[in-house]
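Just remember that my numbering sits 113 ahead of the position in the sequence shown, which is counted from 1.
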Amino acid sequence: MRVVVSAMGADLSAEVSPVFGRCPNYVFVDTATMEFEAVPNPAMSAAGGAGIQAAQFAVSKGVQAVITGNVGPNAFNVLQAAGLTLYPVSGGTVQQAVDAYNRGELQPLSGATSGMHGGMGGGMAGGMGGGMAGGMGRGMGRGMGRGMGGGMGYAMGSGPSGAPAPPPATSFGSSEVDLSELNSVVRSLKEQLDQLMKRIDELEKKE
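Here it is as C-alpha cells:
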C-alpha cells in the first residue's frame with residue numbers, strides 16, 4: 114500500500130509534521146518495501162485553501178492512506194471523498210509512523226482534528242476588530258472585525274500607553290511550520306493595510 118506522511122523533513126527519519134495542509138514536505142511510502150519519495154508541499158505558502166490544495170495533491174499521487182498530526186475539515190472532506198483513510202499520530206518519525214501503521218496500531222479518523230485554521234494554531238479564529246480599531250479609528254475597526262474574525266486582536270491591538278499587547282497565552286508552537294504560517298499572515302495583513310491606507314488617502318484628497 115502507498116501512504117503519505119506529513120513531514121518536517123525529506124526522508125524516513127524526519128519528524129512527522131503536526132499539521133497536514135501546511136507541512137514542509139510529504140513523504141510517500143510503500144508500506145511493503147519502505148521505498149519512499151519525498152516531495153515539498155506545493156500548498157505550504159498558499160494564501161488560502163492550503164488544506165484543499167494539499168489534499169488534492171496527495172490524492173493525485175495515488176495514495177490510499179494519510180498519516181499526519183492534525184487535519185482540518187476542508188482537507189479531511191477532500192481526502193475522505195477520494196476514499197482515503199486518515200490516521201493521526203502525535204510525534205515520532207516517518208519511519209516510526211509507518212511501522213505503527215503496519216502493526217495495526219493506528220486508529221482511523223472519523224472527522225477533522227482541527228478547526229478551519231488549525232495549521233495556523235487557530236490564530237485567525239477570533240478577528241481583528243479590536244486590534245485595528247485602536248490604531249486606525251472606528252470605521253477601520255468595524256470593517257476589519259467583520260472580515261477577519263477575532264484572534265489577531267492580541268497581536269495587532271494596543272496595550273497600556275498604546276504599546277502592542279502581548280499575544281494570547283495559547284501557543285502557536287515552535288516548529289518551522291508555525292513560523293511560516295505567521296510570516297504568511299503578516300504579509301497578508303500588510304498588503305491589506307497598504308490597500309486601506311491608499312483608500313484613506315484617496316478619500317481625504319476628495320474632501
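Backbone N, C-alpha and C define an ideal beta-carbon position, used for all residues, glycine too.
Express the C-alpha separation of Val116 and Asp314 in angstroms, rounding to a whole number. 53 Å
In chain order, what residues of the same chain have a beta carbon less than 6 Å from the beta carbon of Ser119, not counting five sequence neighbours either side? Ser130, Phe133, Cys136, Thr181
By the 10 Å Cβ neighbour count, where 16 or more other Cβ atoms means buried, how is Ala145 classified, buried or exposed? exposed
Return the Cβ separation of Phe189 and Gly224 in integer angstroms, given the expectation that the two are a contact with Cβ distance under 8 Å. In this structure Phe189 is in contact with Gly224, their Cβ atoms being roughly 7 Å apart against a cut-off of 8 Å.
With distances taken from CA atoms, which of Ala151, Lys303, Glu317, Glu128 is nearest Gly205? Glu128
Minimum C-alpha distance to Val202 - residue among Ala167, Ala178, Val299, Leu219: Leu219
Going by Cα to Cα distance, which pick from Val172, Arg312, Gln308, Gly164 is closest to Asn183? When only C-alpha atoms are compared, the closest one is Gly164.
Beta-carbon proximity list for Leu316, same chain, < 8 Å, skipping 5 on both sides: If we look at Leu316 and ignore the five residues flanking it on each side, it has no Cβ neighbours.
Find out if the Cβ-Cβ distance for the pair Pro221, Tyr200 is shorter than 8 Å. yes
To the nearest angstrom, how far is it from the Cα of Ala123 to the Cα of Met310? Rounded to whole angstroms, Ala123 to Met310 spans 42 Å at the Cα level.
Under the rule that 16 or more other beta-carbon atoms within 10 Å means buried, what is Gln67, buried or exposed? There is no way to answer for residue 67, as the model of the chain reaches only from 114 to 320.
Compare the beta carbon distance of Ala168 and Val191 with 8 Å and say whether it is the shorter of the two. yes
Which residue's Cα is closest to the Cα of Phe354: Leu197, Ser126, Arg216, Gln305? Not covered by the structure: residue 354. The range shown for the chain is 114 to 320.
Out of Gln208, Val172, Val140, Glu304, which one is the CA nearest neighbour of Pro153? When each option's Cα is compared against that of Pro153, the closest is Val140.
Cα-Cα separation, Gln305 to Asp212: 46 Å
Among Ser158, Val172, Met121, Gln177, which one has its Cα closest to the Cα of Gln208? Met121
Identify the continuous beta strand (DSSP E) that holds Leu192 and give its terminal residues. Counting along the chain, Leu192 falls outside any beta strand (DSSP E), though it belongs to the alpha helix (DSSP H) covering 186-194.
Can you check DSSP and say which residues form a bridge with Ala178? Secondary-structure assignment with DSSP links Ala178 through a beta bridge to Val116, Thr198.
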